[in-house]
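First the structure, in the form of structure tokens, and then the observations on it.
In this note's numbering, the protein residues as written are 1 to 168.
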């Protein structure tokens, strides 16, 4: 049984649909949308309200979803953002991504003794073209209890290039 917690038409929903079509998920499992709301702006242009709307409230919502699903769902994959690694004009996005990562890791620790695994696939954007590769990874994570509390950056190694930090 696979539960997909994601808005219709979202990247997380597309990934969940691909996983459901290709994998027999034998235990209660879930794919959860943990992509931050879009808000690109330099830090100096952001207000407290921007952080409330783009980080604090969505993190509280994510925590409520995870708490509702655990421990009944044995394997959980969050579809998140690699923006937690930092990027230009992405302070709210990065703060949400880092918070979602911490939330996921804490939940993985709290429920490990009950045999629950929870991981995150971190993508560089919400582009639907990424669904195919992420679905392969999500299917593997949902089909095994071997990995928990991990963030797997699924971007083909782009995050290793550090182009954003070095002007050419």
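Think of the CB as a built atom: it goes at the ideal place given N, C-alpha and C, for glycine as much as any other residue. Note that the coordinates shown come from a computational prediction; the quantities given were computed from them, not determined experimentally.
- The region 8-19 makes no contact with the region 55-65; the number of CB pairs closer than 8 Å stays below 3.
- Exposure of residue 109 is indicated by the presence of fewer than 16 other C-beta atoms within 10 angstroms of its C-beta.
- At the C-beta level, residue 40 and residue 76 stay beyond 8 Å of one another.
- With distances taken between CA atoms, residue 80 lies nearest to 95 out of 88, 1, 95.
- C-alpha of residue 27 to C-alpha of residue 73: approximately 7 Å in a straight line.
- When DSSP reads this structure, residue 75 sits in a beta bridge with 29, 117.
- For residue 152, the enclosing beta strand (DSSP E) stretches over residues 151-153.
- For the 8 Å CB-CB criterion, residue 107 and residue 121 do not form a contact.
- When secondary structure is reduced to three states using DSSP, residue 82 falls in the helix class.
- One alpha carbon belongs to residue 133, the other to residue 34, and they sit about 17 Å apart.
- Where residue 2 is concerned, the enclosing beta strand (DSSP E) starts and stops at 2-5.
- The C-beta distance from residue 97 to residue 42 rounds to 17 Å, too long to meet the 8 Å contact threshold.
- Counting along the chain, residue 52 sits inside no alpha helix (DSSP H), nor does DSSP assign it H or E at all.
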